[in-house]
Amino acid sequence: MLLVTGVSGALGSLVAERLAGREDVVLGTRAGLPGTRRLDFDAPETLPEAFAGVETLLLVSAGYGEDDTVVARHEAAISAAEAADVRHVVYTSLSGDGDHLTYALAHRWTERRLRSSAGLDWTILRNGLYAEFLTWIATPDAENRITGPLGEGRLAAVARADLADIAVSVATDPAAHRNRVYELVGERALGGADLAEALGATYAPGTLADARAAIAASGAVPFQVPMLASTYSAIAHGFMDGTGVESDLRTLLGGREPLDALDVFVKAVRQG
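Read in order, the letters of the sequence shown are residues 0 to 271 in numbering that gives the first Met the number 0.
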């Protein structure tokens with residue numbers, strides 16, 4: 000039996016769509032909606048029942064929160080998997096070039112916890128930043144300008160649909176990926192000028208200080224301010240362009256060409 004977590008999130012929902020109707024798959028949701036098992040990492044008492052009979056766990060990162068919150072959630076999940084004799088955990092992590100991002104710590108902690116786990120096989124999918132995420136940081140303003148401080152940097156963004164396809168492929172045949180770490184960054188790095196040109200906009204990058212102030216004023220919760228600021232900075236200073244990372248994306252897609260991240264970004268912006 001395969002248990003998939005995080006199915007109410009952007010990536011998890013795509014995975015759930017691809018696995019719909021399979022009798023050997025169960026979905027975990029915090030609310031315990033019809034057709035799912037109640038699974039709440041903030042309520043560890045829900046986990047033994049949710050993990051009963053599970054052989055493979057697809058642990059979609061519960062990364063929306065402060066580090067201590069995320070680490071506690073992942074610790075609860077992994078401990079419950081050990082106690083329930085789950086055989087294999089597939090974890091959706093963060094690409095290796097993302098270590099300068101403020102939200103990398105919880106991912107690296109979880110990878111280390113899996114490696115030292117009691118009796119679990121594991122696979123780590125180090126996902127690059129989504130092409131769709133660019134709509135958060137590079138959508139044109141009312142004057143049709145992209146002002147995010149991306150500098151001359153580039154992002155090797157990857158389509159969320161491709162990552163969902165890979166997660167399904169690995170989680171439904173985990174033995175073939177036992178104790179492997181895969182880097183899944185895009186093959187085409189995109190800069191602010193590329194994004195602007197594709198939308199018929201102007202690229203006029205501001206400063207990190209301006210961006211930080213704008214994020215704080217937008218109503219973002221406190222941890223989101225450094226999260227987004229560090230993302231701008233890491234891209235602008237050349238750490239997220241995919242150089243030095245040997246991507247396994249095409250291999251795990253069965254050799255097919257990945258979706259074009261620029262096309263995905265443009266479609267996401269235009270759909271609002």
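Glycine included, C-beta positions come from ideal geometry on N, C-alpha and C.
Since the structure is predicted, the reported quantities are computational estimates derived from the model, not experimental observations.
Practice task
Tell whether a beta-carbon distance below 8 Å holds between Ala235 and Leu149.
Solution key: Here residue 235 refers to the residue found at position 236 of the sequence shown. Here residue 149 refers to the residue found at position 150 of the sequence shown. Taking a C-beta distance under 8 Å as the contact criterion, Ala235 and Leu149 qualify as a contact pair.
Handout entry: Beta-bridge partners of Glu182, as assigned by DSSP
Key = Within the sequence shown, residue 182 is the residue found at index 183, counting from 1. Arg125.
Problem - Proximity of Ser94 and Val167 at Cβ, strictly below 8 Å - result: The residue given as residue 94 occupies position 95 in the sequence shown. The residue given as residue 167 occupies position 168 in the sequence shown. In this structure, Ser94 lies away from Val167, with their beta-carbon atoms at least 8 Å apart.
Exercise for the section: For the alpha helix (DSSP H) containing Gly27, list its first residue and its last residue. Expected result: Here the question's residue 27 lines up with position 28 in the sequence shown. Looking at the DSSP string, Gly27 is not in any alpha helix (DSSP H); the run it does join, the beta strand (DSSP E), is Val24 to Thr28.
Exercise for the section: Return the chain-ordered list of same chain residues with a C-beta closer than 8 Å to the C-beta of Glu186, the five sequence neighbours on each side being excluded. Expected result: By one-based count along the sequence shown, residue 186 stands at place 187. Taken in chain order, the residues that qualify are Ala155, Gly241, Ser246, Leu248, Arg249 and Pro257.
Exercise for the section: Could you tell me the boundaries of the alpha helix (DSSP H) in which Val167 lies? Expected result: Working through the sequence shown from its first residue, we reach residue 167 at position 168. Counting along the chain, Val167 sits inside the alpha helix (DSSP H) bounded by residues Arg159 to Ala170.
Exercise for the section: Look up Val70 in the DSSP assignment and say whether it is helix, strand or coil. Expected result: Sequence index remark: in the sequence shown, residue 70 carries index 71 (1-based). DSSP, read as helix, strand or coil, puts Val70 in helix.
Problem - Expected contact under 8 Å - CB spacing of Leu56 and Val25 to nearest Å - result: Taking the first residue of the sequence shown as 1, we reach residue 56 at position 57. Taking the first residue of the sequence shown as 1, we reach residue 25 at position 26. About 10 Å separates the beta carbons of Leu56 and Val25, which is beyond the 8 Å limit, so they are not a contact pair.
Practice task
May I ask you to report which of helix, strand or coil DSSP gives His352?
Solution key: A query on residue 352 cannot be resolved here, the shown segment of the chain reaching from 0 to 271 and no further.
Practice task
Report the residue from Ile77, Ala170, Glu65 and Tyr102 whose alpha carbon sits nearest the alpha carbon of Ala15.
Solution key: If you number the sequence shown from 1, residue 15 lands on position 16. The option with the nearest alpha carbon to Ala15 is Ala170.
Handout entry: Distance, Gly52 Cα to Arg211 Cα
Key = Translated into the one-based positions of the sequence shown, residue 211 becomes position 212. Translated into the one-based positions of the sequence shown, residue 52 becomes position 53. Answer to the nearest angstrom: the Cα atoms are 46 Å apart.
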